[in-house]
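Residue 1 is where the sequence shown starts when you use UniProt numbering, and the numbers rise one by one after that.
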Amino acid sequence: MLQDRLNKEEITACIEKWEQDIAAFHEGKAWELLEQIEGRDDQEFVVTYRAKLFAMLAYTRFQRTEQMDPLVERWVKEALKGDPTNVFSHRLKVEAFFTYLSNVPIPSKFSPIRETDHSAAKKKAATEYYEQATSFFEYIHSLEERYLAALESLEFVEDQELVKNLKQLVQLIEELKEQFQLILTTAGQYIDSVSSVYYSASQFNEIVTATRKITSIRETWIELLSEKWTTQQRKTALEELHEMVGLTDVKNRVKRLYQYLNYQKERIRQGFHSVDGINLHMILTGNPGTGKTHLARLIAKIYYELGLLERDEVYEVDRSQLVGAYVGQTEENTTKAIERAAGGVLFIDEAYSLKREGAAGNDYGQTAIDTLVSSMTSGKYAGTFAVILAGYPNEMRRFLRSNPGLRSRFPEQNQIEISNYSIEELLEIGEKVAIDNDYVLSTRAKQACRQRIEKAQVDESFGNARTVKNIVLDAIFHKGSTIKLEQTEAEDFVFLQAENFESKVDSKESQRAKYELEQLIGLEKVKKEIIHLTSFVEIQQLRREKGLQALPLQVHAVFTGNPGTGKTTVAKLYAKALNEMGLLKRGHLVVVSRADLVAGYVGQTAEKTKEKIKDALGGVLFIDEAYSLLTDGHGGFGKEAINTLVQEMTEHEENLVVVLAGYSKEMDQLLNSNPGLRSRFKKHVHFDDYSRDELVQMMEKRGEKIGYFFTNAAKEQLSEQLAEQGHPSNGRYAMDLFDRIVQAQALRLINQNDVNEEQLTILEKVDVENVQF
């Protein structure tokens, strides 16, 4: 994407490169260049290169849509207005005329008309000839203006073969005109002459001769048109793969595989043979949306092109189509799938689901695997089909380790892992999706699309190309659902703008976290610490956006304090604040304790911890009483959780924020236990206990939210009965005390008659007195 303003030499070089190789032309970049060209002082430069860009935009769009729509016509006019000799514009006009010629209504055959036919049959056939001739002349008449435009452009077209073909087609049109005119004149007279079995023999012969000449001309016509469209012949599988965005490693692997298979095929042709034959079975691994299914189809096509398979078809199945519910059904289902795939490829998506860990005895996944392996190596269908297993990398590796028999059927060279797409590749895919749907992204739209993609890149569940496609289609829906049709221009049906990609989150929600933090009772020191921390993050983010050097973001924190001091509440608002400023993509809070991270045997703790970290990606992982990870009575599994946490924090960087919570002294011991922990948690926030007045305020606020109000006497009674220094359980105690006061009010009111609405909302002094503090 072009972000910086280019000088004239850079713009000139880019456009001239496209002129030399139109296949390298990029519509999105062309619009960016147009924006940079507009408004420059050098008017001659603006007019010349604006014309070149419009010409190539029109030509590329015509090649894609194969029609001269109003937008293409408009861009051609813009191009020729700036440069009447523009080659691409003139070539487009000529090629467009070819497209119109391909639709000339020349009958592939004429209804037979015989001398022995009854008069009604002769008249019907002659009438059909007359209508076909009329249809031909109507279409030719509609082409006259385009024909003249094409003739004017011929002198600017450098492709002499193209010019020659067009001239020959025009000559054939003249010959067709002559024959159709003969039919038009003669058929009309012939229709009038037919009466019973009497007719004009000379007219009959003229019609038959004309139809034969038209049929002969049509054969030449089709040959000339087919020569013109030879460049649009079916692409090979390798060519299709090469045109895909990214996948450099995969392309190299498949190219080597193609060379190897071709080599083995040639050895066989020369009489050599291999005991083990050619192994066509493959494993494709990759995260969602990386193109595993599409790649499987291309591999099937490669096998077919090399003559290794009879068909290039792929039969796709998953566990539900193979594994049955009773004995014998799984073998039947799997055998049927193999029969369907014979001669082609059997593609099994999420193959590891066939064998589930800890599955019950009535799970027949292993039976499907055994049946598949047997058919791959022996029996009726052995060697007649290829198996391609697909799935996520980690799950597939575990699956193959647990199935040695299956793994041995897939050599290392036949195992391909597809990496995630880079952000630039994803943006290119997004532009391609837009172009395929006849839209173009503006410069600002690309930036907005990039932001949506980055926001979606949270964890391994990110759908890569699939997610990007959904983002673009969502933008198209947004545009179509909000635009006012009575105020549209041609560009409104083509361009996607930045506002079409805007998140649906109401802008009023922005910065709500800081406001909510301010509304919390007490915690004045904590509020200042959190505001300082989030302000630092926000400014560093802004420096990055402006291209300035930013300091490393220190976002992990240690919250210390007694229970009930608001650590979890503040962590939730901290996550929300980081999300609002764009650092965290989800901004959610995942609260865990030792039991959620530590398991009972070696290896399981790391997996358990990683699963919780996956849940927290894009948000904040809050580890309550984190020091309990040190209190290992056996096995040292808590330390395994700590080591895993440090490792994952390094791997996920700013996509994960961790907050450790607990008592001050114990938290120091925890940080000292692992140097990696101490270096990553430089921000410490201490939560003081709540005072008596703050506890009373909490209960008042809780009551107001749900429609309860303390009388002044009740509040005074609360202050008298609460200790001045508050309570060790802090906010939890205040919430529990409030609930008990409400229960006391309920017990008092239940014995009264005619309780009114006001009484239901008032908490009296007696209600406080009836509660045990």
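A virtual CB, placed ideally from N, CA and C, is assigned to each residue, including glycine.
Review point. Residues in its own chain within less than 6 Å of leucine 621 by CB, not counting five upstream and five downstream?
Key: Val590, Val658
Check your understanding: Beta-carbon separation of phenylalanine 272 and tyrosine 315 under 8 Å?
Key -> no
Check your understanding: With burial defined as no fewer than 16 other Cβ atoms inside 10 Å of the residue's Cβ, what is the status of serine 153: buried or exposed?
Key -> buried
Practice item. Express the C-alpha separation of glycine 430 and aspartate 736 in angstroms, rounding to a whole number. Key: Aspartate 736 and glycine 430 have their C-alpha atoms spaced approximately 53 Å apart.
Practice item. Would you please state the rounded distance, in angstroms, between the beta carbons of valine 598 and glycine 638? I believe it to be under 8 Å. Key: 5 Å
Exercise for review: From the DSSP output, in three-state form, read off glutamate 764 for me.
Suggested key: coil
Check your understanding: By Cβ distance below 8 Å, which residues in the same chain neighbour threonine 231 in space, the five residues on each side in sequence not counted?
Key -> Only weak support is given to the placement of threonine 231: the predicted model assigns it a pLDDT of 43, under 50, and the value that follows is read from those uncertain coordinates. Result list for threonine 231: empty, nothing under 8 Å.
Point to revise | CB-CB length for valine 555 against valine 570, believed under 8 Å | key: Contact flag wrong, Cβ pair sits at about 14 Å.
**Study point:** Contact set for alanine 734: own chain, Cβ-Cβ below 7 Å, skip 5 residues either direction
**Key:** Leu695, Met698, Met699
Review point. For leucine 523, is the classification buried or exposed, using 16 other Cβ atoms within 10 angstroms of its Cβ as the cut-off for buried?
Key: buried
Check your understanding: Taking the alpha helix (DSSP H) that tyrosine 733 falls in, what are its first and last residues?
Key -> 730-749
Practice item. Please name the residue, chosen from Ile11, Thr60, Asp492, that lies closest to aspartate 48 on a Cα-to-Cα basis. Key: The question names aspartate, yet the displayed sequence has threonine at residue 48. Per the Cα distances, Ile11.
Exercise for review: Give me the Cα-Cα distance between leucine 548 and glutamate 35, rounded to the nearest whole angstrom.
Suggested key: So the two alpha carbons sit approximately 25 Å from each other.
Practice item. Tell me glutamine 415's beta-bridge partners as DSSP assigns them. Key: Ile283
Practice item. Just confirm the distance between the C-beta atoms of arginine 61 and glycine 82, as a whole number of angstroms; I'd bet it's less than 8 Å. Key: The distance from the Cβ of arginine 61 to that of glycine 82 is about 18 Å, inconsistent with a contact at the 8 Å cut-off.
Check your understanding: Would DSSP call valine 197 helix, strand or coil?
Key -> Reliability of the predicted coordinates at valine 197 is poor, the pLDDT of 46 falling under 50, and the value obtained from them is presented with this limitation in mind. Three-state result, valine 197: coil.
Review point. What's the C-alpha gap between residue 783 and leucine 53?
Key: With the chain covering only 1 through 773, there is no way to say anything about residue 783.
Check your understanding: What do you reckon, are the CB atoms on arginine 397 and glycine 564 nearer than 8 Å?
Key -> The beta carbons of arginine 397 and glycine 564 sit no closer together than 8 Å.
**Study point:** Which residues DSSP lists as bridging lysine 683, in chain order
**Key:** Ala557
Practice item. Express the C-alpha separation of leucine 747 and alanine 714 in angstroms, rounding to a whole number. Key: 16 Å
Review point. For leucine 2, which residues from the same chain have a beta carbon less than 8 Å from its beta carbon, with the 5 sequence-adjacent residues on both sides left out?
Key: Only weak support exists for where leucine 2 lies, its pLDDT of 49 falling under 50; the value from the coordinates is given anyway. These residues qualify, in order along the chain: Lys29, Glu32, Leu33, Gln36, Thr443.
Exercise for review: Go through the region 549-612 residue by residue and report every complete run of the alpha helix (DSSP H) that reaches 4 residues or more, in order.
Suggested key: 567-580, 594-597
Review point. Using the C-alpha atoms, what's the distance from threonine 371 back to serine 225?
Key: Per the sequence presented here, residue 225 reads as leucine, with serine not at that position. For leucine 225 and threonine 371, the distance between alpha carbons rounds to 52 Å.
Practice item. Check whether the region 238-258 touches the region 406-421, counting contact only when three or more Cβ pairs, one atom from each stretch, lie closer than 8 Å. Key: yes
Practice item. Find out if the Cβ-Cβ distance for the pair phenylalanine 136, leucine 176 is shorter than 8 Å. Key: yes
Check your understanding: What is the DSSP secondary structure of isoleucine 521, reduced to helix, strand or coil?
Key -> coil
Exercise for review: Mind reading off the beta-carbon distance from valine 87 to alanine 58? Whole number of angstroms is fine, and I expect it under 8 Å.
Suggested key: No, valine 87 and alanine 58 are not in contact; Cβ-Cβ is about 12 Å, not under 8 Å.
Review point. With distances taken between CB atoms, is the gap from asparagine 470 to asparagine 420 smaller than 8 Å?
Key: For the pair asparagine 470 and asparagine 420, the CB atoms are not nearer than the 8 Å cut-off.
**Study point:** CA-to-CA distance, lysine 585 to aspartate 596, given in whole angstroms
**Key:** 24 Å
Review point. If you count every other CB in all the chains shown that lies within 10 Å of the CB of threonine 377, and 16 or more means buried, which is it?
Key: exposed
Check your understanding: From cysteine 14 to asparagine 7, what does the alpha carbon distance come to, in whole angstroms?
Key -> 11 Å
Point to revise | Local Cβ density within 10 Å of alanine 390, reported as buried at 16 or more and exposed below that | key: buried
Review point. Between phenylalanine 495 and valine 440, is the Cβ-Cβ spacing less than 8 Å?
Key: Pairing phenylalanine 495 with valine 440 gives a Cβ-Cβ distance under 8 Å.
Review point. According to DSSP, is tyrosine 352 helix, strand or coil?
Key: helix
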